[in-house]
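Participant: After the structure tokens below, expect a handful of questions from me.
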Amino acid sequence: QVAQTLDHKVKVMHASKGLEPDSHERISTILEEEIPSELRSEIVVVSGPSHAEETIVRDITLITAASKDLEAAKYVQKLFSNHYFRLYTNTDVVGVETAGALKNIIAVGAGALHGLGYGDNAKAAIITRGLAEITRLGVKLGASPLTYSGLSGVGDLIVTGTSIHSRNWRAGDALGRGEKLADIEANMGMVIEGISTTKAAYELAQELDVYMPITQAIYKVIYQDHDIKEAIFEIMNNEFKAENEWS
1 QVAQTLDHKV KVMHASKGLE PDSHERISTI LEEEIPSELR SEIVVVSGPS
51 HAEETIVRDI TLITAASKDL EAAKYVQKLF SNHYFRLYTN TDVVGVETAG
101 ALKNIIAVGA GALHGLGYGD NAKAAIITRG LAEITRLGVK LGASPLTYSG
151 LSGVGDLIVT GTSIHSRNWR AGDALGRGEK LADIEANMGM VIEGISTTKA
201 AYELAQELDV YMPITQAIYK VIYQDHDIKE AIFEIMNNEF KAENEWS
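Using our numbering, you'd call the opening residue of the sequence shown number 1 and step up by one each time.
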């Protein structure tokens, strides 16, 4: 309905982080199907490490504004930047959107490790190896690997994968403590993006032949009722690989 009212002077911006469950499409792709053709190249995605609880009290926050049209990204950068909130531009929309969506999966896993009682070494391991595999999938979809080392990639992953403010981390923590997913979702009362994104990412990885062992493990725990400790054991006993191996 909103799309019918837009004209060429409007900049379309979104801050959603996820993939469409059935089609696996990114949010901007869905928007492109709905808005006038002359606005499609100017869609701006804003994403990055930004807990609302902190931003609303004007805590320092840095995020990314990405668009195929650099001038559109710069417009949003200038419009929203101030003394506590700063935006950096990027033209890699695929990378920024996939990073924002896929990091929720890793946050669920990081929370689960905490719930199981694992320490900082394990948390660092899942964040770094998780970043490696979401980068592999993103690059396969056309993203730049450099994007994942920025605010929308590792920055957002650190915030979402280590903080009690994160719904995905809290859901994983509860899973690690033995709670059932249905109970977690009912108690949370909010959407846990990492749950549906796990399924989408798992199916994409299967379709595109991308090695994503952490995502696969989390998928099996959530959707196949696989034992979480057994899933960790399987990851730790996977075939040996080089750290920067891309397959």
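Backbone N, C-alpha and C fix where the C-beta goes; we use that ideal spot for every residue, glycine too.
Every value quoted in this text rests on a predicted model; they were computed, and no experiment measured them.
Rounded to whole angstroms, what's the CA-CA distance from Asn104 to Asp59? Just pull it up for me.
Facilitator: C-alpha separation (whole angstroms): 22 Å.
Participant: Could you check whether Val46 and Ala15 sit closer than 8 Å to each other, using their CB atoms as the reference points?
Facilitator: Result yes, Cβ atoms of Ala15 and Val46 sit closer than 8 Å.
Participant: What does a CB cutoff of less than 6 Å around Thr55 pick up in its chain, not counting 5 residues either side in sequence?
Facilitator: Cβ neighbours of Thr55 beyond the five flanking positions: Thr61.
Participant: With three or more C-beta pairs closer than 8 Å as the rule, is the region 181 to 193 touching the region 118 to 135?
Facilitator: Contact between the region 118 to 135 and the region 181 to 193 is absent, because fewer than three Cβ pairs lie under 8 Å.
Participant: What distance in whole Å lies between the Cβ atoms of Lys68 and Thr91, which are believed to be in contact at a cut-off of 8 Å?
Facilitator: Correct: roughly 6 Å between the Cβ atoms.
Participant: Is Ala125 near the ligand NAD, judged by its Cβ being under 7 Å from some heavy atom?
Facilitator: Although the ligand NAD was asked about, the structure shown includes no ligands whatsoever.
Participant: Could you check where the beta strand (DSSP E) with Ile63 kicks off and where it finishes?
Facilitator: That run of the beta strand (DSSP E) goes Thr61 to Ala66.
Participant: Bridge partners for Phe85 per DSSP, in chain order?
Facilitator: Note: Phe85 sits in a beta bridge opposite Thr61.
Participant: Indicate the three-state DSSP secondary structure (helix, strand or coil) for Arg26 in the structure shown.
Facilitator: Residue state, collapsed to three classes: strand.
Participant: So, for Arg170: in the same chain, excluding its five sequence neighbours on each side, which residues have a beta-carbon less than 8 Å away from its beta-carbon?
Facilitator: Once the five neighbours on either side are set aside, the close Cβ partners of Arg170 are Gly111, Ile164 and Met188.
Participant: Closest to Ala125 by CA distance: which of Gly109, Ile63 and Lys229 is it?
Facilitator: The shortest Cα separation from Ala125 among Gly109, Ile63 and Lys229 belongs to Gly109.
Participant: Who are the near neighbours of His51 in its chain, counting only those whose CB is closer than 6 Å to its CB and skipping five residues on each side?
Facilitator: Within the same chain, His51 has close Cβ partners His165.
Participant: Can you give me the start and stop residues for the beta strand (DSSP E) that Ser47 sits inside?
Facilitator: Val44 to Ser47 is the extent of the beta strand (DSSP E) around Ser47.
Participant: When you compare each of Leu102, His226 and Ile43 to Ile158 by their alpha carbons, which one comes out closest?
Facilitator: Residue Leu102 is the option with its Cα nearest to Ile158.
Participant: Count the other CB atoms, across all protein chains shown, that sit within 10 Å of the CB of Met212; report buried if there are 16 or more and exposed otherwise.
Facilitator: So Met212 counts as buried.
Participant: If Ile232 sits next to Thr198, beta carbons under 8 Å apart, how far is it from one beta carbon to the other, in whole angstroms?
Facilitator: About 16 Å; that fails the 8 Å criterion.
Participant: Please state the DSSP three-state secondary structure of Leu141.
Facilitator: Leu141: coil per DSSP, three-state reduction.
Participant: What are the start and end residues of the alpha helix (DSSP H) that includes Leu79?
Facilitator: Here the alpha helix (DSSP H) through Leu79 covers Leu70 to Phe80.
Participant: So is His114 buried or exposed if we call it buried at 16+ other beta carbons inside 10 Å?
Facilitator: Classification for His114: buried.
Participant: Inspect the beta-carbon positions of Ala205 and Leu137 and report whether they are closer than 8 Å.
Facilitator: Yes, the pair counts as a contact, with Cβ atoms nearer than the cut-off.
Participant: In whole angstroms, give me the CA-to-CA distance for Phe80 and Lys11.
Facilitator: Near 13 Å, if we compare the C-alpha coordinates of Lys11 and Phe80.
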